[in-house]
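Top to bottom, those sequences are chains A and B. Numbered according to this note's numbering, the first sequence spans residues 1 to 392. Numbered according to this note's numbering, the second sequence spans residues 1001 to 1392. Every residue, glycine too, gets a C-beta built ideally from N, C-alpha and C. Given the structure is predicted, the values throughout are model-derived calculations rather than measurements.
Protein chains: 2
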Amino acid sequence: MAEKTNPIIAESGSAGIIELRKMRLKLPAEGFNLECGRSLKEIEIAYETYGHLNAQKDNAVLILHALTGDAHAAGRHQPEDKKTGWWDFMIGPGKAFDTNRYFILCTNVLGGCQGSTGPSSVNPETGKPYGMAFPMLTIGDMVRAQKMVVEEFGVQQLFSMAGGSMGGMAVLEWMLRFPDSVRSAMIFASTSQLSPQSIAFNEVGRQAIISDPHWQKGDYYDKESRPETGLAIARMIGHITYLSEKSMDKKFGRRLQNREEYGYEFSKEFEVESYLHYQGLRFVQRFDANTYLYITKAMDYYNAAADWGKGSLEKACARIQAKTLVLSFTSDWLFPSRQSKELVKALRQNNSDVSYLEMDSDYGHDAFLISSETLNRVVDSFLDNLYQSGGA
Amino acid sequence: MAEKTNPIIAESGSAGIIELRKMRLKLPAEGFNLECGRSLKEIEIAYETYGHLNAQKDNAVLILHALTGDAHAAGRHQPEDKKTGWWDFMIGPGKAFDTNRYFILCTNVLGGCQGSTGPSSVNPETGKPYGMAFPMLTIGDMVRAQKMVVEEFGVQQLFSMAGGSMGGMAVLEWMLRFPDSVRSAMIFASTSQLSPQSIAFNEVGRQAIISDPHWQKGDYYDKESRPETGLAIARMIGHITYLSEKSMDKKFGRRLQNREEYGYEFSKEFEVESYLHYQGLRFVQRFDANTYLYITKAMDYYNAAADWGKGSLEKACARIQAKTLVLSFTSDWLFPSRQSKELVKALRQNNSDVSYLEMDSDYGHDAFLISSETLNRVVDSFLDNLYQSGGA
C-alpha cells in the first residue's frame, strides 16, 4: 500500500491530476465475513486521495459516494480529461473540502464496478467473474471494508466524513458502527431507511435488468452482449426520481427534439425522452448491471433503527458521538426532507450536536451533486468551526 | 345498433347485470380521418349503458375511462362475477350517477383492447391484427369516435360527462371540440397537458415493452408468447406513480412478505415488491401491450392550449360553454393539483361557471377510483343542482 498521497498539481482550485489506486484488504484466513452469512476471500478496494495526511493523522475526511458513483470524487485522471471527479466543485484547494487543510479519501464501495471487488470481479474459487455467485451485501459490509482502508492509513478517528443519498446512509452506519472513529459527519439528501416507494422503484429497475435476455442470470461477462437495454431502462427510471418535476419543467418542458410538429411515430419526439435515452446509453458504458442489482438491494435492506435500536431510531442514535450536519433539499421527492427530519429528531432526542438545513433547490435528489455556492459555504463553515475549535 | 338500454336488475344500489355491446361506426367511404393524417376504414366501439334514456334524450351522461380502463364502468356481466365495473361505487340507483335519473354511457376508447378497434383488431386490408400498422391516435380522435356513438343514441347534448386522469383530458377535449354538446362536465385528477415527468414515465414504460424480445415489433398476436414481461414492468412503473408515498407507507411500510428476516436473495422480499409483481401479472392478463404504447402516446401528445388556444389555455377555454367541476387530490403527484388549478384559472379568466375542489386524500392519483363518500356527495350535488335547475 502506498503511504504517500497523490501530489496536488498547482492548478488553482483543482485537486489536480489524481491516480485511482487499489488496496488489497488484509483479511484473516476465513475471509471477510458478510452480514448475509457468507464471506469473501479476497477484497480489493479502489480509492483516491486528495491533500495530505498530517503527522498526527487527525485531518482525514472520508467521502462516500451514491449508488452509481465511484472513487473519483475530484480532479482529473489525465490533464486532457474534460470530466472531473463527481464532487470536484466541493473538493480542492480553498474549496469546502480544502485539500490544503484536509486529507480527503474516497473509496469505491465493496460490490462496486469501478475498481473495488464486486460481481464483475474474478471469483478466486472459479477463476471466472462472480456474477450472481457474488454474496449479497449490506451497507454495513461496505462500511466495514471502508474502515479497513481508513485504518491502513493509520487513521483512528476521521476528522469528518460526508456522503449523499446512499453515501449518507453509509455515513450514518459509520457513526453507529464505529462511534469512536467519527469526529464529525455530514449527511446529504439521505435517510435512515428507504421508503416503500423507493424500494418499489429499485425493484422495477432490477426487474428491467433481470428481464433483459442478455442478462443470462448474471453470467454475461464473457458474452458478446451485456444487458444494456435493461440497465438503461433501470437508469431511466432512476434518473426520473433524481430530478424534480420543476427542474424537468425548466429543463425540457414539453419541447420537441429537433422538430416543430409531432411526427406521430414511436421515436424520441420530446426532449425529455431524448435526454433519458442519452442518460441510459451513457450509463451502460460505465456501469455493471449486476452491481446495480447488488447495490440497490443493499440500499433496500438498510434500516438503522432495526439494526441499532431494536426498531427505534432514537435508541439507535444514542450510540452516536459525532457532531453532525444533516442537509436535505426542498424538491427532493426520492429522499424527502421528512426523512432527514426524522433522523435529526432522533439525534436531538439524544442531545446530540446536530445541525439541520433544508436547502431551497429545484434540482431534486441530485441537488447535492450540482455545483452550488451555498453547499460549499455550509460545508466549509461546518468543517472550519470544528477545525478552529480544536484543530484537525 | 340496439336502441334499448340494458335492463336494471332490482339489486339495491347496483347497476345490475350489464352487457358489453359493440357499435360499428357509420363511416364515409374514405374512413375515419385521424389527426396523424391516416385513416381507419372500420371502427367498432365497445360500450355499456346504465339507466334509461328519456324521451327528450337530455339525460345522457358520458363516462370516460383512464389509460387502462374500459367500458365496464358499473354492475356485473354475470351474476356470479366478484368484480364489478371500475366505477361501480359511483354509478347505480341512488348513487351519484343515479341510474334512476340519468342514462349513463361508457365507451372503451378507440385504440383500446377491451372491445373497441385498436392495434389488436384485425386490419381489414390484411386480415391480420394491425400491430404497429395501426395509425397513431390522439385524444381528439378518441373523442370524435365517442361523439359518433353518442349521436347514434340521438343525443345532441350530454347532460353531463365525467372522467379521471386520461378520461379527464378527454372530457376537456369534448368541451373544447364540441362546446354545444356538453351541458356540464367533471374532470378528476387530470390536466390539460402532461408534464415532462409524466411523459418520461410513459416513455420508460414503452421502452420496457419495446425491449421485450416477445414484442417482435408489435407482431406477436399469433405467437406463443406475448411481451408480458415488458408490459408488467410498464405497469409496475405506472402503479408506483398512481399511489402516494404515504399510502404506500400505510399499505406496506417496509414489511417483509411471509418472512421475519431478510433472505439475502433476489426475490420478492418486501411486501411492496410482491404487490407490484402481482399488479404486473394481473395486468398482462387483461391488457394489450400495443394498446399501452398507443394510448400513452396519445396522452403525451395532448395539449389543450396548443390545439385550441395557440398556446394559451385561457384562449382555448374561451370556447367552453359547459358548467364545470374540477377535482384534484392532495396526494396526487402524477397529475398534481397545480395542473388542475391552471385549468380552473383559465376557465375563470373566461368567466366560465367552474367549481374547484381539492380533496384531501392519501390515495394519490388513484383516489378517484377508490370508493369515497365525499366523491359521491360532491358529484351527486353537482348533478342534482343542474337537474333541479332545469331538469335533465
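query, result
"Cα-Cα, which of Tyr1221(B), Lys1310(B) and Met1142(B) is closest to Cys1036(B)?", "Met1142(B)"
"In the structure shown, what three-state DSSP assignment does Ser381(A) receive?", "helix"
"Pull up the CB-CB distance for Trp1308(B) and Ala1316(B), whole angstroms please, since I reckon it's below 8 Å.", "4 Å"
"Relative to the alpha-carbon of Ser274(A), which residue among Arg254(A), Thr68(A) and Phe97(A) has its alpha-carbon at the smallest distance?", "Arg254(A)"
"Need the endpoints of the alpha helix (DSSP H) that Glu1273(B) sits in, please.", "Glu1271 to Val1284"
"What residues from the segment 1287-1315 of chain B come within 8 Å of chain A, judged by C-beta to C-beta, listed N to C?", "Leu1293, Lys1297, Asp1300, Tyr1301 and Asn1303"
"Listing by chain order, which chain B residues have their CB less than 7 Å from the CB of Tyr253(A)?", "One detail in the question is off: residue 253(A) reads as Gly in this sequence, not Tyr. Under the 7 Å cutoff, chain B gives Pro1196."
"Under 9 Å, Cβ to Cβ, is there at least one residue of chain A near Ala1010(B)?", "Residue confidence is low: Ala1010(B) scores 38 on pLDDT, short of 50, so the model does not pin down where it sits. No coordinate-derived value is stated."
"My output table needs one value for Ala208(A): the three-state DSSP class, helix, strand or coil.", "helix"
"How should Pro1007(B) be labelled, buried or exposed, when 16 other C-beta atoms within 10 angstroms of its C-beta is the threshold for buried?", "With a pLDDT of 39 at Pro1007(B), under the threshold of 50, the modelled position of this residue cannot be trusted; read the value that follows with caution. It is exposed - the Cβ of Pro1007(B) has fewer than 16 other Cβ atoms within 10 Å."
"Using a beta-carbon distance below 9 Å, is Met398(A) in contact with chain B?", "Within the shown structure, residues of chain A are numbered from 1 to 392, placing residue 398(A) beyond reach of any answer."
"Going by DSSP, what residues sit across from Glu1044(B) in a beta bridge?", "Arg1024(B)"
"Report the three-state DSSP secondary structure of Pro1129(B) (helix, strand or coil).", "strand"
"Are the C-beta of Ile1018(B) and some C-beta of chain A separated by less than 9 Å?", "no"
"Does Ser160(A) get closer than 9 Å to chain B when you measure Cβ to Cβ?", "no"
"Kindly indicate the opening and closing residues of the alpha helix (DSSP H) around Ile295(A).", "Ala289 to Tyr301"
"Counting pairs of Cβ atoms below 8 Å between the segment 1094-1105 of chain B and the segment 1379-1388 of chain B, do you hit three or more?", "yes"
"Below 9 Å on C-beta distance, what does Asp1141(B) contact in chain A?", "Correct list: empty, because the minimum Cβ distance to chain A is about 11 Å."
"Which residue marks the beginning of the alpha helix (DSSP H) containing Ala1234(B), and which one marks its end?", "Glu1228 to Tyr1242"
"Could one say the Cβ of Ala2(A) lies closer than 9 Å to chain B's Cβ atoms, at least one of them?", "Caution applies to Ala2(A), whose pLDDT of 33 falls short of 50 and renders its modelled position unreliable; the value that the coordinates give is listed next. For Ala2(A), the answer is no, since every Cβ of chain B falls outside 9 Å of its Cβ."
"What does the Cβ neighbour count give for Thr1107(B), buried or exposed, with the cut at 16 atoms within 10 Å?", "buried"
"Are the beta-carbon atoms belonging to Gly75(A) and Asp88(A) less than 9 Å from one another?", "yes"
"Short of 9 Å Cβ to Cβ, which residues in the segment 1204-1215 of chain B face chain E?", "The structure shown contains no chain E; the protein chains it does contain are A and B."
"Over the uninterrupted beta strand (DSSP E) stretch that includes Val61(A), give me the two end residues.", "Ala60 to Leu64"
"Residue range of the alpha helix (DSSP H) that Ser1181(B) falls in?", "Where Ser1181(B) is concerned, there is no enclosing alpha helix (DSSP H), given that its DSSP letter is neither H nor E."
"Suppose the cutoff is 6 Å on Cβ atoms and the five residues either side in sequence are ignored; what does the same chain contact list for Glu1042(B) look like?", "Pro1124"
"Here's the rule I'm using: 16 or more other beta-carbon atoms within 10 Å means buried, otherwise exposed. How should Leu1281(B) be labelled?", "exposed"
"Along the beta strand (DSSP E) that carries Ala1438(B), what are the first and last residues, could you check?", "Outside the modelled stretch of chain B, which goes from 1001 to 1392, sits residue 1438(B), for which no answer is possible."
"Expressed to the nearest angstrom, what Euclidean distance is found between the alpha-carbon atoms of Thr374(A) and Met90(A)?", "11 Å"
"Name, please, each residue of chain A whose Cβ falls closer than 9 Å to the Cβ of Gln1193(B).", "Arg254"
"Is the CB-CB distance between Asp362(A) and Ser337(A) below 9 Å?", "no"
"Taking 9 Å as the cut-off, decide whether the C-beta atoms of Gly1205(B) and Gly1131(B) are in contact.", "no"
"List the residues that DSSP assigns as beta-bridge partners of Leu1327(B).", "Phe1188(B) and Leu1357(B)"
"The segment 340-354 of chain A: which residues have C-beta closer than 8 Å to a C-beta of chain B, in chain order?", "none"
"With contact counted as at least three CB pairs below 8 Å, one residue from each stretch, are the segment 134-149 of chain A and the segment 285-300 of chain A in contact?", "yes"
"Can Ser1160(B) and Leu1383(B) be called in contact, C-beta distance under 9 Å?", "yes"
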